[in-house]
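Sequential numbering from 218 applies to the sequence shown in this note's numbering.
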Amino acid sequence: MSRSPGGGSEPPEDPRPPADDDATVVRRVEEETVPLGPVDPVPLEPVGEETVRIRRTEEVAPTVPLDPADPTVPLRPVDETGVPYPAAEGRRVEEVVERRPVYGEPRRREIWPYLLALLLLVLGGLAALYYFTQENEKPVPAVVRLPVDEAVDRLTNEGFRPDVVQQANAADAGIVFEQRPDAGVDAEEGSRVTVLVSRGPATVPVPNAVGLSREEALSRLDAAGLGARQVEVFSERAPGTVVAQDPGGGERAARGSKVRLNVSRGTGRVNVPNVVGQSSDDAGANIRKTGLQARVVEVPSGEPEGTVVAQNPPAGSELGRGAFVRINVSTGTGAGGAPATTSGTDTAATATESAVPDVAGLDEATATGALEDAGFRVRAQPESTTDAAEDGLVIRQMPAAGDDAPSGSSVTIVVGELSQ
218 MSRSPGGGSE PPEDPRPPAD DDATVVRRVE EETVPLGPVD PVPLEPVGEE TVRIRRTEEV
278 APTVPLDPAD PTVPLRPVDE TGVPYPAAEG RRVEEVVERR PVYGEPRRRE IWPYLLALLL
338 LVLGGLAALY YFTQENEKPV PAVVRLPVDE AVDRLTNEGF RPDVVQQANA ADAGIVFEQR
398 PDAGVDAEEG SRVTVLVSRG PATVPVPNAV GLSREEALSR LDAAGLGARQ VEVFSERAPG
458 TVVAQDPGGG ERAARGSKVR LNVSRGTGRV NVPNVVGQSS DDAGANIRKT GLQARVVEVP
518 SGEPEGTVVA QNPPAGSELG RGAFVRINVS TGTGAGGAPA TTSGTDTAAT ATESAVPDVA
578 GLDEATATGA LEDAGFRVRA QPESTTDAAE DGLVIRQMPA AGDDAPSGSS VTIVVGELSQ
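Given below as structure tokens:
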């Protein structure tokens, strides 16, 4: 409390400003107050874990707070210590707005541009490789089936290096049977071309099959790596027995090749039927039924015309299949009506002559037996042949089958012999 100079106490000073001062303060505040403008929008982007801040600065006029006792009386602003802020004109006020960052899925980098670039790079490399290698490439010439010397010369002249390899093959020795690369394939000039040259087929020893049964012979050949070509022939051996082979046992043959086996089908011999007294037609039919052939000879006889009056060989004889049986057939003009017949012959063919059996296609042993049984001697004559089907068999005979020949005369048989 203040005291007056005279020692008396003075009344306390009224802290409220005079009325005219209030009006002055209000007017001044209104003049100095500057409204805040709109906040410019700022795009937000999350930056790690940092807080996004928006800063706004405006020029504002100082404000005076109201007296709590009298809300109509403004007071000067105070700070946190209770000291009023100076109401300086034009003070800058900073406003800070904090916003939480907005997080989304992380952006993925597209991989297809890298893959496209890699693909283009690879294609470019391949194109370059093709371009630079094409200049030195040319087609490989064909040398298969040429002699090795000619094949080597052709490859060398074309700028290639031949590499000769010899192998066993079915092709003739010295012949190219395969090449690598194949003919027509583009290859670099100066590169190697492998030519496989045959040194002949691989050979194996031929087992002996003569005298064996068909089944046993085939088994032995198969075990040796060989095949078989079977030919059935008439023979004195039991049916199904191998009577000859080519190549022979102990010789060598190409692996996988076939060995000819002559297999017996039996003697092929049949009994001659009795046709005397039968008509010519009936006699011929009966002879053919047994596998033989009829040779008709007309003779004068008192028997009715067309009747068989004699035959040769006689009934009951054995002949090989296909052999001829001679039958004498009456013309019906015998002298005095007496039958002009003899025992097995006629007046034109004496009893010392016989028809030569047909032995073509028989093996030598069987043919010899058939001719000897007919009363002939046999002379075998070998003849070279390139047909394996004729090897060891009678190719032809002299006299020919069915011809009359004196009993005891020689019949020549030509036997095929396969040339190597």
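Glycine included, every Cβ here is placed at the ideal spot set by N, Cα and C.
Query, Result
"Every unbroken beta strand (DSSP E) inside the segment 460–533 [3 residues or more]", "469–471, 475–481, 486–488, 510–516, 525–529"
"Counted within 10 angstroms of its Cβ, other Cβ atoms place ARG469 as buried (16 or more) or exposed", "exposed"
"Whether ARG431 touches GLY457 by CB criterion (8 Å)", "yes"
"Alpha helix (DSSP H) segment containing THR458, residue limits", "Looking at the DSSP string, THR458 is not in any alpha helix (DSSP H), and its letter there is neither H nor E."
"Nearest-angstrom Cα separation, counted from SER601 out to ASP498", "42 Å"
"Paired residues, beta bridge with GLY444 - DSSP", "LYS475"
"Alpha-carbon spacing of SER571 relative to ARG613, whole angstroms", "19 Å"
"Whether ALA685 touches LEU438 by CB criterion (8 Å)", "A question about residue 685 goes unanswered here, because the residues of the chain that appear run from 218 up to 637."
"Contact belief for VAL402 with VAL357 at Cβ below 8 Å, rounded distance in angstroms", "5 Å"
"Anticipated Cβ contact below 8 Å, VAL514 with VAL489, distance rounded", "Going by Cβ atoms, the distance from VAL514 to VAL489 rounds to 16 Å, so no, they are not a contact pair."
"Touch test, the segment 519–527 against the segment 502–510, Cβ-Cβ under 8 Å, three pairs minimum", "no"
"Proximity below 8 Å, CB of ARG472 to CB of VAL421", "yes"
"Cα-Cα separation, VAL480 to LEU429", "10 Å"
"Classification of ILE328 by the beta-carbon crowding that lies within 10 angstroms, buried from 16 upward", "exposed"
"First through last residue of the beta strand (DSSP E) which encompasses ASP621", "621–623"
"7 Å CB neighbourhood of GLY586 in its chain, flanking five on each side removed", "GLU453"
"Where the alpha helix (DSSP H) through GLU375 begins and ends", "Unbroken run through GLU375: none, as it is neither H nor E."
"Segment limits, alpha helix (DSSP H) that includes LEU588", "581–590"
"Inter-residue Cα distance where the pair is SER408 and LYS355", "10 Å"
"Residue of ASP604, THR603, ASP590 minimising C-alpha distance to SER626", "ASP590"
"VAL369 versus VAL410, ALA334, THR548, residue with shortest Cα-Cα distance", "VAL410"
"Nearest neighbour of ALA606, chosen from ALA344, PHE377, ALA388, LEU478 [CA to CA]", "LEU478"
"C-alpha distance - ARG371 paired with ALA404, whole-angstrom precision", "15 Å"
"Distance, MET615 Cα to GLU634 Cα", "18 Å"
"Separation of ASP463 from ALA502, as counted between CA atoms", "39 Å"
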